[in-house]
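As structure tokens, the structure follows; a few thoughts come after it.
In the numbering used here, the protein residues as written are 374 to 626.
What follows is the structure in structure tokens.
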């Protein structure tokens, strides 16, 4: 039996990451959106296989490629978000959330630096789910109280992975920690009403993407307009930021 030492495993992952990043750049240049998303899925899957080992540091290059590619192919972000694969996973969800977030940033005329930071934050917002058992992530039913308690630990885990193991604090860590918080204090993990801008933004986009793409045992995926109406009710009730929500709606047009 062949055993690969931890260092060798990391070297192998970084080699694969470079290859996938190169493939993403080439596919953006040729406008092959399906290949872009496929390579993104491969890259993120490899990266999240060892997230506590510093592998996340390859992802800023990926976001840079997408930000640069937008100037040549403005339609690419919406296309990435709209391409569906048969097996909906946390990886696909994270890529879709990143594409929607970058679209929001370009619509809002944010600086390139801010756009890159928010895009990376979006891509890594659910990194904590790498330590949630698959039996919970893929449960074909509504989660039990104990299972949901475990699920609700993923923002705190993600924050730890990003800050302590990859030295990537700031907005990236806040996005992981706060994307399930609500302005009325009904969210988790802390139930705080004081939420950063990136936490508020990704709270909306994360919810929109999941509702429009993920079938659950107790509900089917919704149409975009139906989802926006649902989220508007949460805006009215004080869960989400109205200005961010309205800007996000316009960014989808």
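The beta carbon of each residue, even a glycine, is placed where N, CA and C say it ideally should be.
1. How should residue 599 be labelled, buried or exposed, when 16 other C-beta atoms within 10 angstroms of its C-beta is the threshold for buried?
2. For residue 514, does the three-state DSSP call read helix, strand or coil?
3. So, for residue 564: in the same chain, excluding its five sequence neighbours on each side, which residues have a beta-carbon less than 7 Å away from its beta-carbon?
4. Is it buried or exposed, residue 602, if we count other Cβ atoms within 10 angstroms and call 16 or more buried?
5. Three-state secondary structure (DSSP) at residue 592?
6. Note down, one range per segment and in chain order, each alpha helix (DSSP H) of at least 4 residues found wholly within the segment 436-510.
7. If distances are taken between C-alpha atoms only, which option among 594, 575, 577 comes closest to residue 584?
8. Here's the rule: buried if 16 or more other CB atoms are within 10 angstroms of the residue's CB, otherwise exposed. What is residue 503?
9. Just how far apart, CA to CA, sit residue 611 and residue 555?
10. From which residue to which residue does the alpha helix (DSSP H) around residue 562 run?
11. Starting from the C-beta of residue 431, find all residues in its chain whose C-beta is less than 6 Å away, skip the five residues before and the five after it, and write them out in chain order.
Taking the structure as given:
1. exposed
2. When secondary structure is reduced to three states using DSSP, residue 514 falls in the coil class, being assigned neither helix nor strand.
3. Answer for residue 564: 558, listed in chain order.
4. exposed
5. In the structure shown, the three-state DSSP call for residue 592 is strand.
6. 449-455, 463-480, 485-496, 507-510
7. 594
8. It counts as buried.
9. 8 Å
10. Taken as a continuous stretch (DSSP letters only), residue 562 belongs to no alpha helix (DSSP H), as it is neither H nor E.
11. 390
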